[in-house]
Structures are given as C-alpha cells and as structure tokens.
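K.L.:
If you scroll down you'll find the structure; I have some questions about it.
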Amino acid sequence: MKPGDVLNHRYELVERLGSGGMAEVWKASDRQEPRLVAVKMLRSDQFLTSYADDDARHADLLMAHRRFRREANLLKQLRHPGIPRLFDIGKHGDDPCFVMEYVDGGSLHQFLETNNPSISTIASIVVQVADALNAVHALPVVHRDLKPHNILIAADGTVKLIDFGVAKILSPGATQYTRQGSTVGSRGYQAPEQILEEQVTPATDLYALGCIVYKMLTGRPPFEGEGLAKKHLHETPAPPTVYNSRIPADIEHLTLRMLGKRPEDRPESASAVLELFTQYLPNPGDPVPSPRINPDPTAYFRNVRTSDTSQTAMPAAKQPSHPRAEGRQWLSKREVAASLARLGTDPVKLQEASTELCDLLAAAQRQWGVREQVVSAVRQQASDALRLAGDFGRAGALYQDTIDIAVAEFGEDHPDVWEGRLGLSECRIPFGELQPAIGLLTEMTELVRTLPEPPASHLAERAIAVAQSLREAGHTEAQTFIDALVDWRSASYSD
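Mapping of the sequence shown onto full-length UniProt numbering: residues 1 to 495, in sequence order.
This is the structure:
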C-alpha cells in the first residue's frame with residue numbers, strides 16, 4: 001500500500017496513520033464526498049509471513065478476518081458521538097477493510113506527553129470517555145483494550161474511543177475469537193481478571209479507565225517497574241494525593257475504587273464515573289484554560305451548543321403500530337389494553353415492537369402519570385421487549401422504574417417489585433454479573449410457596465426463565481433452581 005492508491009474506486013490513500021497487530025490505518029480522501037476518512041485494513045501479506053505451517057497460517061488468517069468483520073459490525077451498531085462513525089465496508093484484494101470517520105487530532109497519550117491537565121480538563125476527557133463506554137456496555141460489549149493510545153482528542157476538543165479489534169461481545173452464544181492462554185489487553189491497563197484470563201465484564205473497562213485517570217491526575221501510572229502484572233494483581237496503589245495534593249477527595253476515592261482488585265469492588269457502571277466528573281466540568285462561557293492547551297477538551301463544554309450531543313444517537317424510530325402513541329393527544333385505555341393483549345408474551349412480537357412500546361410508554365406516562373395500572377402494564381411489556389431485543393441498559397432502567405414505583409405505592413413485597421427485580425437481574429447476566437440473579441432465585445424458590453395465585457405461578461415462570469439465562473451463561477448450579485421451581489409448579493397443579 002502507498003499514498004495515491006485507491007480503494008473501492010473511491011478512497012484515495014493520503015498517509016499511513018499507524019499499524020498494529022495485523023491491521024493498518026490510513027488517512028484517505030473520499031472522491032465522492034468532500035471529506036477525509038480513516039481506512040482500516042487487514043494486511044495478511046505483511047503480518048502473516050513467518051508461519052512455517054500453512055494450516056496454522058490459514059486458521060489464524062481466517063480468525064483475523066472474522067474478528068475484523070466483527071469490529072466493523074460493532075462500529076455499525078455503536079452510534080455515539082464519542083465513537084467514530086462507520087461509513088463503508090469493502091475489500092482490498094482478498095483482505096477486508098472498512099471506512100470510518102477521520103478524527104483530526106492526536107491520542108491522549110500524545111496529549112499527556114505535552115500537557116499537565118487541570119481537574120476541569122481531566123473531567124472533560126473522562127466524561128466523554130465514560131459516556132462512550134456506557135453506549136458500548138449497553139450492547140453489551142467490553143472494549144478490553146482501553147488505554148491512552150486508543151483515546152483520540154480531536155481539534156475541536158471532542159474525545160473519541162477507538163480500536164474495537166479485541167472487544168468482547170457478552171451476549172450468550174456470541175462467537176469468541178480469543179485462544180485459551182492468550183491474554184488480551186495492554187500491559188499496565190489490564191484488570192486482574194484479564195491477567196488471570198477470567199470472565200471480563202464492563203467493570204474490566206472501568207479498571208483500565210481508573211489507570212488512565214490515575215495517570216492524568218498524577219503524571220504517572222498506578223504501578224511501574226518490574227513485575228507489573230503481579231502489582232496489578234496484589235498491590236494497592238498509592239493514593240493519588242501522594243503525588244498531587246490538589247486532587248479533590250471524591251475524585252481520589254472514585255479513582256481508587258475503579259482500581260479495585262475485584263470487579264464487584266469497582267463502581268457499578270460508567271454512569272457513576274460520568275456523574276461524579278460532570279460536577280467538575282467547565283461551564284458554558286467559561287474562559288479558555290490558562291496556560292492554553294491544544295487540543296482543548298474543555299472547549300466541548302465551554303462553547304455554547306445549540307443541542308446536546310452528549311447522548312447516544314438513537315436510530316430513527318419506526319412508525320408506531322400501537323394506538324395513537326403519536327399524532328393524537330389522548331389515548332384510550334381500552335385500545336392500549338387491547339394492543340398489549342395482542343402482543344401478550346410472544347418473544348418475537350415483543351422484540352419487534354420494542355420501539356413502538358417505548359413510544360407508547362412515553363405517551364401514556366404523559367397522559368396518565370406513572371402509577372396508573374395500564375401504564376404499569378405498558379412499562380412491563382416495554383422493558384421485556386427491550387430485554388429480548390438485547391438493549392439491556394434501557395431495559396434495566398425500566399425495570400428499576402417498575403421497582404421504585406411499586407415500592408413507593410405498595411411496599412417491598414408486592415409482586416410487581418419481585419417481577420421488576422427478576423427482570424433487572426436478568427439484564428445483568430449478559431454483563432457477567434451473575435450474583436444478583438443467583439441471590440434473587442434463592443429467595444424466589446421459597447417466596448412462590450407463600451404467594452397467592454395468580455402472582456405465584458407467573459413469578460415462578462419468570463424465575464425459571466432467569467435461571468435458564470443463568471444456565472446459558474455457564475452457571476451450572478442454575479439447574480437446581482429450575483428443578484425446585486418446576487417441582488413446586490407440578491405440585492401446585494396436582495393440588
């Protein structure tokens with residue numbers, strides 16, 4: 001490959017931006033639109049020349065092609081301002097390539113080599129990274145290689161998360177392309193569970209983010225020198241204020257939590273990181289930092305924007321097929337109830353109707369409030385539909401709404417509370433968080449014996465479904481819960 005080469009009869013290569021593993025990234029000019037783009041391509045000719053065994057070479061090449069295509073498919077799903085957009089997918093000879101948004105800027109690694117960022121500058125970077133991570137984790141996907149080289153700061157101050165080449169899809173049944181004995185991630189940013197080749201979760205990315213935040217705060221990584229892996233596994237990092245006494249106490253506390261050895265010791269999600277660092281962002285209209293920095297991540301927040309671009313760009317909604325969710329001010333409870341009844345619990349129908357159900361829920365809540373019985377029914381079906389569609393982040397938020405509203409209205413032991421808890425725990429399973437479901441199922445095997453009908457049978461069916469999800473995630477003892485609940489159900493029916 002050389003400058004001037006044209007890919008897909010459209011993208012003229014300008015300069016090579018970098019290479020790593022088996023891929024190269026080039027800046028290119030789009031001949032059909034007036035824009036620069038970034039082209040990432042697999043280079044099997046350059047990076048697979050040392051194989052003595054043709055079969056091994058072919059197997060590794062096939063795996064590399066599949067992983068590369070998966071990265072392109074992930075970018076297609078990740079519609080977020082903090083992640084470069086995918087424009088096109090193609091081939092160069094026999095090798096795949098894809099075309100994405102070109103970021104005119106440098107890496108966070110380069111930025112830290114020449115800048116000593118203030119707290120507001122650090123917050124401006126962390127908030128954008130955490131917001132992008134929220135979108136990634138909601139799929140659910142773990143990046144697995146978060147580091148300063150994979151964070152870009154554009155000339156306008158926007159921050160972009162890049163390189164999903166080793167990202168792991170957590171959904172049950174997703175194909176994995178990492179061999180046993182192959183540790184994924186970059187030295188100095190790997191969480192203990194990565195080093196030990198154990199199950200990764202979104203908390204794995206939070207550990208890497210903690211390493212990055214620590215370095216921005218102190219000018220040094222949490223651990224250095226020989227035996228780096230052992231230090232990440234067993235040693236406690238020095239408090240950041242040892243090196244920088246001006247660090248706010250809450251930021252120091254959160255940073256050390258992100259560096260917890262066990263995933264459960266870290267913050268619950270990237271949202272917790274975003275929430276804290278948002279408090280330290282500059283305000284619109286604040287002056288330029290002194291001394292000036294270039295690029296300036298604070299510009300994204302200091303400059304007044306006509307619209308909020310910090311939220312995930314959602315795909316355009318379909319036309320609603322449910323009663324008057326749009327286009328009419330008043331809904332009919334009878335029509336809404338009939339529409340919900342037509343959907344029932346059919347997984348295919350619910351999954352296809354997830355967008356319309358969310359629209360209907362918003363309209364119903366505006367008209368009747370959040371506590372009306374028909375609104376609760378819409379919320380339940382919307383949360384189930386989102387879960388079945390794989391949107392576990394939004395589904396979990398709706399299940400939590402169900403729990404909060406039912407607790408306030410009826411108390412902790414109402415069936416709606418238990419159903420919300422079951423749904424929420426099931427949404428955590430794809431993220432590798434099995435313990436909430438295990439603990440809840442332990443309670444459910446006893447609870448159903450004390451409840452009246454019909455809630456008892458309904459909750460037992462939901463609990464069995466959660467236990468089946470646990471079993472699919474590899475929890476072998478899930479069958480014990482299934483057997484206990486099925487035995488109870490059989491005994492109840494025989495009575």
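Glycine included, C-beta positions come from ideal geometry on N, C-alpha and C.
Using DSSP's beta-bridge definition, name the partner residues of residue 87.
P.N.:
In DSSP, residue 87 forms no bridge with anything.
K.L.:
Find out if the Cβ-Cβ distance for the pair residue 25, residue 39 is shorter than 9 Å.
P.N.:
Result yes, Cβ atoms of residue 25 and residue 39 sit closer than 9 Å.
K.L.:
Quick check on this structure: which residue in 72, 155, 417, 90 has the alpha carbon closest to the alpha carbon of residue 107?
P.N.:
For residue 107, the nearest C-alpha among the options comes from 155.
K.L.:
Assuming contact is defined by CB atoms lying nearer than 9 Å, are residue 277 and residue 159 in contact in what I supplied?
P.N.:
Contact: no.
K.L.:
Let me know the secondary structure DSSP gives residue 138 once reduced to three states.
P.N.:
Residue 138 falls in the coil class under three-state DSSP.
K.L.:
According to the neighbour-count rule (16 or more other Cβ atoms, all chains shown, within 10 Å of its Cβ), is residue 102 buried or exposed?
P.N.:
When all chains shown are included, residue 102 counts as buried.
K.L.:
What residues match up with residue 169 in a beta bridge as DSSP calls it?
P.N.:
Answer is 141, bridged to residue 169.
K.L.:
What are the uninterrupted segments assigned as alpha helix (DSSP H) that are 4 or more residues long and contained completely in the segment 211-285, given in chain order?
P.N.:
Here the runs fully enclosed are 228-234, 249-258, 270-278.
K.L.:
I'd like to check one pair, residue 432 with residue 473: are the Cβ atoms closer than 9 Å?
P.N.:
In contact: residue 473 and residue 432 (Cβ atoms closer than 9 Å).
K.L.:
How do the segment 472-489 and the segment 445-460 stand: do at least 3 beta-carbon pairs fall below 8 Å, yes or no?
P.N.:
These segments touch.
K.L.:
Give the straight-line distance between the Cα atoms of residue 492 and residue 478, rounded to the nearest whole angstrom.
P.N.:
Going by the C-alpha atoms only, they are around 22 Å apart.
K.L.:
To the nearest angstrom, report how far apart residue 142 and residue 73 are at their CA atoms.
P.N.:
Rounded to whole angstroms, residue 142 to residue 73 spans 15 Å at the Cα level.
K.L.:
Can you give me the Cβ contacts of residue 460 inside the same chain, cut-off strictly under 6 Å, excluding the 5 residues immediately before and after it?
P.N.:
Only 448, 485, 489 meet the Cβ criterion.
K.L.:
Cα-Cα, which of 62, 133, 113, 117 is closest to residue 81?
P.N.:
Ranking the options by Cα distance to residue 81, first place goes to 133.
K.L.:
If you draw a straight line from the C-alpha of residue 266 to the C-alpha of residue 250, how long is it?
P.N.:
The alpha-carbon atoms of residue 266 and residue 250 are separated by roughly 14 Å.
K.L.:
Taking 7 Å as the limit between beta carbons, can you name the residues of its chain near residue 220, skipping five residues before and five after?
P.N.:
So the qualifying residues of the chain are 243.
K.L.:
Just to confirm, are residue 211 and residue 168 a CB contact at a threshold of 9 Å?
P.N.:
No, these two residues do not count as a Cβ contact at 9 Å.
K.L.:
Which partner residues does residue 40 have in the DSSP bridge list?
P.N.:
Bridge partners of residue 40: 25, 98.
K.L.:
Using the Cβ count rule (16 or more neighbours within 10 Å means buried), how would you classify residue 357?
P.N.:
By the neighbour-count rule (16 or more Cβ atoms within 10 Å), residue 357 is buried.
K.L.:
Determine whether the beta carbon atoms of residue 120 and residue 282 lie at a separation below 9 Å.
P.N.:
It is a contact, given that the beta carbons lie within the stated cut-off.
K.L.:
Should residue 94 go down as buried or exposed, given a rule of 16 or more other Cβ atoms within 10 Å for buried?
P.N.:
Residue 94 comes out exposed.
K.L.:
In whole angstroms, what is the alpha-carbon distance linking residue 480 and residue 10?
P.N.:
Taking the straight line from one Cα to the other gives about 58 Å.
K.L.:
How is the beta strand (DSSP E) around residue 395 delimited, first residue to last?
P.N.:
Note, residue 395: premise wrong, no beta strand (DSSP E); alpha helix (DSSP H) at 392-410.
K.L.:
Short check: CB of residue 469 to CB of residue 419, under 9 Å?
P.N.:
Against a cut-off of 9 Å, the Cβ pair of residue 419 and residue 469 comes out as no contact.
K.L.:
Would you mind reading off the limits of the beta strand (DSSP E) that contains residue 151?
P.N.:
First-last of the beta strand (DSSP E) with residue 151: 151-154.
K.L.:
Expressed to the nearest angstrom, what Euclidean distance is found between the alpha-carbon atoms of residue 85 and residue 467?
P.N.:
Approximately 37 Å, taken between the alpha carbons.
K.L.:
Would you kindly check if the distance between the Cβ of residue 423 and the Cβ of residue 171 is under 9 Å?
P.N.:
No. Outside cutoff.
K.L.:
What are the partner residues of residue 20, as DSSP defines its beta bridges?
P.N.:
For residue 20, which the question treats as bridged, DSSP gives the partners 23.
K.L.:
What residue from 60, 248, 45, 294 has the CA that sits closest to residue 153's CA?
P.N.:
Measuring from the Cα of residue 153, the nearest candidate turns out to be 294.
K.L.:
Can you list, in chain order, the residues of its chain whose CB lies under 7 Å from that of residue 208, leaving out five sequence neighbours each side?
P.N.:
Once the five neighbours on either side are set aside, the close Cβ partners of residue 208 are 146, 147, 189, 191.
K.L.:
Taking the alpha-carbon of residue 398 as reference, which of 415, 410, 411, 370 has the nearest alpha-carbon?
P.N.:
That would be 370, whose Cα lies nearest to the Cα of residue 398.
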